[in-house]
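Undergrad: One structure, as C-alpha cells, below. Some questions next.
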Amino acid sequence: MEELFYLLIAAVVLLVPVGSFLGFLAFLQKSKLTSRIDELAREVAELRAGGAVSIPVDEEREDAQVPGQAKEGVEPVPVETVAAFEVPPEPDLGNLQPKAAMATGVDQSESLESRLLAALKANWMVWLGALSVSLAGIFMVSHSISAGLIGPLQQLLLAVLTGCALHTGAEYLRRRHKGSDQVFAALAGGGSVTLYAALLAGVHHYGLIGPLAALTGLAIVSLATMVLALVHGPLLAIMGLSGAYLVPLLVGGEGGSAAFVLSYSTVITLSSLLLMNYVYRPWLWYGTLAGAGLWWLLVAMAGGNSLAIACYLPVLFLLFSSLPGGDRLASERRREAMGAVLVAWGLSIGWQPVEDPVFLAWTLILPFAILVPQSRQGLWYLPWAAVLATVAGWLVFSGSGYSDTLFVPLVADFHSNYLLYLMVAAVVVVLAGLWQWRTQLQSRRWPSLVLVSPVIWFTLGWLLIEGGEASGPWALMALLGAGVYGALAWLMQRHQDYRSGLVWAILAAHGCYSLAIVMWLQNASLTLALSAQFVSLVWLGRRYQAPELFLVLKALMAIVVARLTFNPWLQEYGSEQHWSFWTYGGTALFAAMATWLARGLPVRPWLEAVSLHLLVLFLGAELRYWLYNGDIFVHEYGLVEAAINTLLWGALSVVYVHRARVAGSLVWLYRMLAMVLLVMSSLSYLVVVLVHNPWWAAGVIGDTPVFNMLLLGFGAPVVLALVNSQFSDLVPRRWFLCVALGAFGLFTLLEIRQLWQGSQMLIGSGMTEGELYTYSVVGMLYAIIAILWSTRNGSLLLHKSGMILLGLVIGKIFLIDMAGLQGLWRVAAFMGLGLALLGLAWMYRKTSAPRGSGESPPDTEYI
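Counting from 76, one number per residue, gives the positions in the sequence shown under our numbering.
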C-alpha cells in the first residue's frame with residue numbers, strides 16, 4: 076500500500092509541474108505571436124490612414140483576431156466573448172482558435188488531415204497541459220480517498236479549493252492580458268473537472284453532501300463552466316462537457332444510485348443545451364447527445380433501474396425538443412436527437428426485468444411527444460413514433476425464443492397492473508391528440524392518432540395477456556369496439572368540422588372487426604372472414620369518396636393472397652371437411668363481388684388481378700382435394716404433384732404479367748415475380764417430362780382413354796403455353812408456340828401409347844402393329860390439318876411444322892410401316908399414301924389460291 080501511495084504522490088508531483096511548465100511555454104509563445112499581430116495591425120492602420128491601399132476588413136473578424144485592441148466606444152469583454160467562439164462551422168480542432176491558425180499559417184482550404192496536423196503542431200503543449208491539470212485534479216480526489224491521507228472533510232475542501240484556484244488563476248490571466256487564450260481555457264477546464272470530481276466524491280464516498288445539495292452544486296458548476304466558455308472559448312466547453320460526463324467513471328464508487336447518476340447527466344445536458352442558445356457548434360451538440368446516451372446505456376445495462384430510466388428519457392426528450400431555442404438548430408439535428416431518445420425508450424421497455432417490470436411510468440413520454448410544437452410542424456410523425464416505439468418495446472419484452480409460441484403472456488399477477496397501464500396510455504394519447512385536433516381540424520394525422528391508437532393498445536393487451544391465443548371475451552370486446560367506431564363514423568359524417576376523421580373511424584371499425592375474427596376464428600374461417608372486408612371497403616370508399624380506404628384494401632388483399640398462397644407451408648388442416656371449397660372459393664367470390672362494385676374506380680385493375688390470383692389458387696386447391704381424396708397438402712412428390720405445380724405456377728405467372736400491365740407502381744416487382752413463376756413452372760414441366768414420364772417411370776396413369784393423368788401432366792401444359800403466348804411481355808410469343816407444338820406432339824404420342832397399352836406404358840414392353848400404324852395415321856392427320864390451317868391463316872411457323880411432320884410420317888411409312896407388308900397389302904398401302912398426298916396437294920392449291928382467280932400460288936410461298 077505504501078508503494079502505491081508513493082507512486083501516486085510522484086505522479087501528482089510530476090504531472091502538475093510538467094503541465095504547468097508546458098502551459099507557461101505555450102503562453103510565452105502566444106505572447107510573441109500577439110505582439111507580432113499588433114505590429115501588423117498598426118501597419119494596416121497606417122496604410123489606411125495614408126490612403127495607399129484599401130483593405131476591407133470585417134470588424135468582427137478583426138476584433139476576433141486582435142483581442143488586445145478594442146474599437147473605439149466598445150468594451151473589451153464583449154469583444155472577447157465574440158472572439159472566443161468566432162470559428163468556422165466545421166467541428167475541427169485545428170480551427171478552434173483563429174489566432175493559432177493565423178500564427179501557424181494554416182490554410183483553410185487544405186484538407187481536414189492537414190488542418191488537424193497543423194493544429195496539433197501549434198497546440199499540442201496546451202492540450203497536454205490541459206489534460207495533465209484535469210487528471211491531476213481527478214487523481215488528487217481519487218488518491219486521497221483510497222490512501223486516507225487526510226480526513227474526508229479536509230479532502231473535500233482541498234479539492235474544492237484547488238478547482239476554485241484554477242478558475243481564479245485563469246480569470247486573472249485573462250483579465251491581465253485583456254483577452255482569452257487556450258492556456259487560460261485549459262486552466263479553467265481543469266478547475267471545472269476538479270470541482271465535478273470533488274462534488275461527486277462528496278456524495279458517493281464521503282457522504283458529506285446530500286444528493287439534492289450535490290445536484291445543486293453540480294448544476295452551479297456546470298452552468299458557470301458553460302458561461303465562462305463564452306469568454307474562454309471552445310476548449311473550456313470541450314473540457315467541461317467531456318469531463319462532466321466522464322468524471323463519474325474515473326472517480327468510481329458504489330454508493331451512487333441510478334436516480335442520482337441520471338439526474339447528474341440531466342444537469343450536464345441542460346447546461347450544455349443552454350450554452351448552445353448563445354453559441355451552437357455541431358461537435359457540442361453531438362457530444363451532448365453522446366454523453367446523455369452513454370449514461371442511459373450504462374444504467375440500462377446495469378438492470379433494475381426501469382423507473383429511473385422511464386423518468387430520465389422523457390426529460391431528455393423535452394430538453395432536446397426545446398433547446399437550443401429559435402432557429403439555431405436545424406430540424407435534421409433535432410430529429411436525430413428525438414428519434415434516438417424514442418429508440419432508447421423502446422429498448423428500455425424491452426430490457427426490463429421480467430420478474431419486476433414497471434408499468435405506469437412508461438406513459439410519461441407519450442404526452443411530450445404529442446404536445447411538443449415540432450409535432451405540429453416538420454416532425455409531424457413524432458406522436459405515432461412514440462406510440463409505435465412503446466408498442467415495439469412491449470413486444471420485445473414479451474418475445475419468446477420458443478418455436479411453438481410467438482409471445483409469452485405476462486404472469487397473472489401483473490394482468491391488472493398492465494390493463495390499468497393500457498387504459499391510462501390510451502386515455503393520455505386520446506386526450507392529447509384531441510387537444511391538437513381541435514387546433515388543426517383539417518389535419519388528418521391527429522384523427523388517425525385519436526381513433527386508431529386505441530385499437531393498437533387493445534391489440535397489445537391481447538398479445539401480452541392472452542399470448543395471441545383465441546379468446547371469446549376479447550373477441551366480444553373487439554366487436555363492441557367495431558360498433559362504437561361505426562357510430563362515430565356516422566356522427567362524423569354529419570359534422571363537417573370532423574369529417575377528416577371519417578376515414579380513420581371506418582378503418583378503426585374494420586380493424587376491430589379483423590381483431591374479433593382473429594381472436595375468435597382460426598385457420599380457414601379466419602381467411603374467409605378477412606376477405607369479406609373486400610366488399611365493405613370498396614362500398615365505403617365509393618360511398619364517401621375516400622381513396623385512402625383503397626390503400627387499406629390493397630394491404631388486406633396482400634395479406635389474404637399471401638396467406639392462401641403459402642398455406643401449404645404455414646398451416647395444417649384436417650381432411651374431414653371440404654374446407655378448401657368455402658375458403659378458397661369464398662375468398663375468390665368476395666374478390667369478384669368487390670371487383671363488380673369497383674366499376675369505374677382506379678382500384679378495379681387491382682381487384683381483377685387479385686380475383687384471378689384467388690381463382691387460380693381455388694382451382695389448384697380443388698384439384699388437389701379431388702386427386703388426393705381430401706388431403707390437399709399431402710407430403711409426396713410424383714407425377715400428380717409436379718403436374719399441379721406446373722399448372723399453378725404457370726397460371727400465376729400469367730396473373731402477375733397482367734398485374735404488371737395494370738399496376739401504376741411496383742411494375743418491376745410484378746414482372747420479376749412473373750418471371751420467377753414462369754421459370755419454376757418450366758422446371759416443373761421438365762421434371763414431368765424427364766423424371767415422371769410413363770415411358771420409363773412406372774406410375775398410375777389410368778385405363779380411361781384421353782381422360783387420365785396424361786391429360787393433367789402433358790395435355791394441360793399445352794393450353795398453358797398457348798395462354799402464355801398471349802402475354803408475351805417476358806418471352807417472345809414464338810417461343811411459347813414452339814413449346815405448345817412440342818408439348819402437343821408429346822401428349823399425342825403418350826395418349827396413343829396409353830390407348831393400346833393401358834396404364835403399363837413402359838417403352839420396354841414392346842409395341843403392337845395397331846399402335847405402330849396409329850402413330851402414322853394420327854401424324855398424317857395432324858400434318859394435313861396443320862398445312863391446311865396455316866395456308867388459310869398465313870402462319871409460317873405452323874406450315875413449316877406441318878411440312879416437317881409430313882416428311883417424318885412419310886419416312887416412317889416407307890421405312891418402318893411397309894417393311895413387313897407383302898403382296899396386295901403393300902400395293903394398297905402405297906396406293907393409299909399416294910392418294911392422300913395427291914388429295915393434300917389439291918386441297919393446298921385450292922385453299923391457297925386468291926379468291927376470284929384460278930391461279931395457284933408458287934410452290935415456294937412458305938418454303
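Glycine included, C-beta positions come from ideal geometry on N, C-alpha and C.
So L672 and V610 are supposed to be a Cβ contact under 8 Å. How far apart are they, rounded?
TA: Right, their Cβ atoms sit about 7 Å apart.
Undergrad: Are the beta-carbon atoms belonging to A500 and L441 less than 8 Å from one another?
TA: Result yes, Cβ atoms of A500 and L441 sit closer than 8 Å.
Undergrad: With distances taken from CA atoms, which of G914, S347, R519 is nearest G366?
TA: Among G914, S347, R519, the Cα nearest to that of G366 belongs to S347.
Undergrad: Of all the options Q427, L812, Q568, which has the alpha carbon lying nearest to the alpha carbon of V374?
TA: Comparing Cα positions, the closest option is Q427.
Undergrad: How would you write the range of the alpha helix (DSSP H) that P622 sits in, first residue to last?
TA: Per DSSP, P622 belongs to no alpha helix (DSSP H) and is neither H nor E.
Undergrad: Confirm, please, whether the CB-CB distance from G882 to I862 is below 8 Å.
TA: No, Cβ-Cβ distance for I862 and G882 is not below 8 Å.
Undergrad: Measuring CA to CA, which of M842, R403, L690, A276 is closest to F656?
TA: Out of M842, R403, L690, A276, L690 has the C-alpha closest to the C-alpha of F656.
Undergrad: Compare the Cα-Cα distances from S338 to each of Y353, N352, L350, A319 and report the closest residue.
TA: Of the candidates Y353, N352, L350, A319, the one whose C-alpha sits nearest the C-alpha of S338 is A319.
Undergrad: Considering only the beta carbon of each residue, do T658 and L603 sit closer than 8 Å?
TA: Yes. Within cutoff.
Undergrad: When DSSP builds the beta bridges, which residues end up paired with G474?
TA: Paired residue(s): F482.
Undergrad: With respect to the alpha helix (DSSP H) encompassing I284, which residues constitute its N-terminal and C-terminal limits?
TA: Neither: I284 is in no alpha helix (DSSP H) and is coded neither H nor E.
Undergrad: Is the region 541-558 close to the region 514-524, with three or more CB pairs under 8 Å?
TA: The region 541-558, when compared against the region 514-524, does not touch it at the 8 Å Cβ threshold.
Undergrad: How far does the alpha helix (DSSP H) with V525 in it reach, from first residue to last?
TA: Run containing V525: 520-541, per the alpha helix (DSSP H) assignment.
Undergrad: Do the region 484-503 and the region 556-576 touch if we need at least three Cβ pairs shorter than 8 Å?
TA: No contact exists between the region 484-503 and the region 556-576.
Undergrad: State the DSSP-derived secondary structure class of N380, mapped to helix, strand or coil.
TA: Three-state DSSP puts N380 in coil, outside helix and strand.
Undergrad: In angstroms, rounded to a whole number, what distance separates the CA positions of V502 and E716?
TA: One C-alpha to the other measures close to 55 Å.
Undergrad: From C587 to V530, what distance separates their C-alpha atoms?
TA: Those two C-alpha atoms are separated by around 7 Å.
Undergrad: Since W420 and L388 should fall inside the 8 Å C-beta cutoff, what is the C-beta to C-beta distance between them, to a whole number of angstroms?
TA: Rounded, the Cβ-Cβ distance is 5 Å, consistent with contact.
Undergrad: Figure out for me which residue from K629, V593, L676, Q571 has the closest Cα to the Cα of R617.
TA: Minimum Cα distance to R617 is reached at L676.
Undergrad: Are the region 799-816 and the region 727-741 in contact at 8 Å, needing three or more beta carbon pairs?
TA: Yes: at least three Cβ pairs fall under 8 Å.
Undergrad: Are the Cβ atoms of V504 and W579 separated by less than 8 Å?
TA: Going by C-beta atoms, V504 is not nearer than 8 Å to W579.
Undergrad: Just curious, the alpha helix (DSSP H) that S800 is in, first and last residue?
TA: Start and end: 791-800.
Undergrad: Have a look at G265 and R408 and give me their C-alpha separation to the nearest angstrom.
TA: Between G265 and R408, the C-alpha separation is close to 30 Å.
Undergrad: Exposed or buried, H570, counting other C-beta atoms within 10 Å across all chains shown (16 or more means buried)?
TA: H570 comes out exposed.
Undergrad: Please look up how many angstroms separate the CB atoms of L524 and G508, rounded, as I've assumed it's under 8 Å.
TA: So it is a contact: roughly 4 Å between Cβ atoms.
Undergrad: How should L274 be labelled, buried or exposed, when 16 other C-beta atoms within 10 angstroms of its C-beta is the threshold for buried?
TA: Buried, because 16 or more other Cβ atoms sit within 10 Å of the Cβ of L274.
Undergrad: Please classify I879 as buried or exposed, where buried requires at least 16 other C-beta atoms within 10 Å of its C-beta.
TA: I879 comes out exposed.
Undergrad: Under a Cβ-count criterion, where at least 16 other Cβ atoms within 10 Å of its own Cβ denotes burial, should Y247 be classed as buried or exposed?
TA: That one is exposed.
Undergrad: Hey, A334 and H307: beta-carbon distance below 8 Å or not?
TA: Result no, Cβ atoms of A334 and H307 do not sit closer than 8 Å.
Undergrad: Grouping DSSP H, G and I as helix and E and B as strand, with all else coil, what is N783?
TA: Correct three-state label for N783: coil.
Undergrad: In this structure, how does DSSP classify Y320 when only helix, strand and coil are distinguished?
TA: Correct three-state label for Y320: helix.
Undergrad: Buried or exposed: D572, going by 16 or more other Cβ atoms within 10 Å of its Cβ?
TA: Exposed is the call here.
Undergrad: What does the alpha-carbon distance come out to for the pair F822 and W537?
TA: Taking the straight line from one Cα to the other gives about 56 Å.
Undergrad: If I measure Cβ to Cβ from G238 and keep anything under 6 Å in the same chain, skipping five residues before and after, which residues do I get?
TA: Result list for G238: G266, T269, L270, in chain order.
Undergrad: Which of the three DSSP states is assigned to E114 in this structure?
TA: Helix, per DSSP.
Undergrad: Could you give the residue range of the alpha helix (DSSP H) that holds P733?
TA: According to the sequence shown, residue 733 is His rather than Pro. H733 -> alpha helix (DSSP H) spans 714-737.
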